[in-house]
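A short worksheet on the structure shown next.
So, in structure tokens, the structure goes:
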């Protein structure tokens with residue numbers, strides 16, 4: 001019992017009993033890390049290695065030429081690359097903040113409040129988890145068109161706030177908070193907003209971090225919105241711009257190097273945000289944030 005760690009995920013000291021876990025987890029970690037290694041190596045491959053057969057996993061003669069070609073091509077367009085990057089940063093930040101607000105407030109209400117249609121709304125959100133974006137592409141376009149969001153900044157933001165997986169995750173986390181704790185807060189004179197702000201939010205930080213990562217990744221990598229709903233070039237995002245670089249090149253072969261470099265640039269923010277927030281994600285998956 002002296003070595004009992006409670007709900008802590010990472011033990012403080014190494015113990016030989018952990019060897020069996022390392023024997024399984026280390027090979028899995030290596031396999032799952034291979035795509036990251038490949039993306040990094042692929043961006044630095046010269047043209048002859050990009051089209052080598054059989055394909056090479058590791059770069060043999062790394063070069064910065066792909067990145068030089070990328071930045072040279074970005075200076076040729078009428079709209080500067082900085083405009084696309086600014087749009088992506090602003091859209092991503094706005095979506096992340098609003099998604100957290102919507103998901104946490106709705107999750108609190110669906111978890112701890114009693115009202116008519118509560119069960120039906122919860123079931124609707126659960127059913128929505130089964131639908132991929134492609135399956136609802138036509139209804140989505142009709143709704144966006146009817147609401148007048150076509151070719152506006154808010155078409156990047158408002159549809160992204162409907163995030164069923166985020167609401168589901170937040171609700172499941174809030175379900176673990178004892179009702180007695182909320183009742184004690186009410187007896188101390190706290191209103192609903194004070195309970196939400198001072199009790200709920202501090203106890204679901206791991207879930208909030210996970211939802212923030214999911215919302216950021218979905219928004220940062222979103223090409224569909226700029227492609228289908230935006231005609232004004234100055235409102236399009238960095239992901240759309242990067243996706244068009246290879247096709248805009250007169251030489252499709254040279255465009256592959258630019259595409260490889262662009263893929264790495266798009267991937268780096270996702271990697272950085274996950275590295276800094278991975279502990280919160282692990283706490284969420286293990287449901288260890290509630291004591």
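Numbering (UniProt numbering), first residue to last: 1 to 291. Backbone N, C-alpha and C fix where the C-beta goes; we use that ideal spot for every residue, glycine too.
Taking the straight line between their C-alpha atoms, what separation do you get for residue 276 and residue 103? Between residue 276 and residue 103, the alpha-carbon positions lie close to 22 angstroms from each other.
CA-to-CA distance, residue 44 to residue 56, given in whole angstroms: Our two residues, residue 56 and residue 44, have alpha carbons roughly 12 angstroms apart in a direct line.
Decide yes or no for the touch test of the segment 233-244 against the segment 83-91: beta carbon pairs closer than 8 angstroms, at least 3 of them. A contact exists between the segment 233-244 and the segment 83-91.
Which one of 191, 96, 42 and 209 has the shortest CA to CA distance from residue 160? The shortest C-alpha separation from residue 160 is found at 96.
Can you tell me whether residue 178 is buried or exposed, with buried defined as 16 or more other CB within 10 angstroms of its CB? It is exposed - the Cβ of residue 178 has fewer than 16 other Cβ atoms within 10 Å.
Where does residue 199 sit, in a helix, a strand or coil, going by DSSP? Helix, per DSSP.
Among 108, 149 and 25, the one whose alpha carbon lies nearest that of residue 195: Of the residues 108, 149 and 25, the one whose Cα lies closest to the Cα of residue 195 is 108.
Report the rounded CA-to-CA distance for residue 193 versus residue 60, giving the unit in angstroms. The alpha-carbon atoms of residue 193 and residue 60 are separated by roughly 58 angstroms.
Residue 229 (DSSP reduced to helix, strand or coil): In the structure shown, residue 229 sits in coil (DSSP, three-state: anything other than H, G, I, E or B).
Tell me the residue span of the alpha helix (DSSP H) that contains residue 33. Segment 19-43, the alpha helix (DSSP H) holding residue 33.
Does the segment 221-231 touch the segment 23-34, meaning 3 or more C-beta pairs lie closer than 8 angstroms? The segment 23-34 is not in contact with the segment 221-231.
What residues in its chain sit with their C-beta under 6 angstroms from that of residue 217, if we drop five residues either side in the sequence? Annotation for residue 217: 270 place their beta carbon closer than 6 angstroms to its own, counting only its chain and skipping 5 residues before and after.
Opening and closing residue of the alpha helix (DSSP H) in which residue 216 lies: For residue 216, the enclosing alpha helix (DSSP H) stretches over residues 205-220.
Residue 60 - DSSP class collapsed to helix/strand/coil: Reduced to three states, the DSSP call for residue 60 is coil.
Is the segment 164-176 close to the segment 200-207, with three or more CB pairs under 8 angstroms? Three or more Cβ pairs drawn from the segment 164-176 and the segment 200-207 lie within less than 8 angstroms of each other, which places the two stretches in contact.
Contacting residues, own chain, Cβ-Cβ under 6 angstroms from residue 58 (five flanking each side not counted): Counting only Cβ-Cβ distances below 6 angstroms, and skipping sequence neighbours, we find 41.
Distance, residue 46 Cα to residue 279 Cα: Distance from the CA of residue 279 to the CA of residue 46, rounded to the nearest whole angstrom, comes to 37 angstroms.
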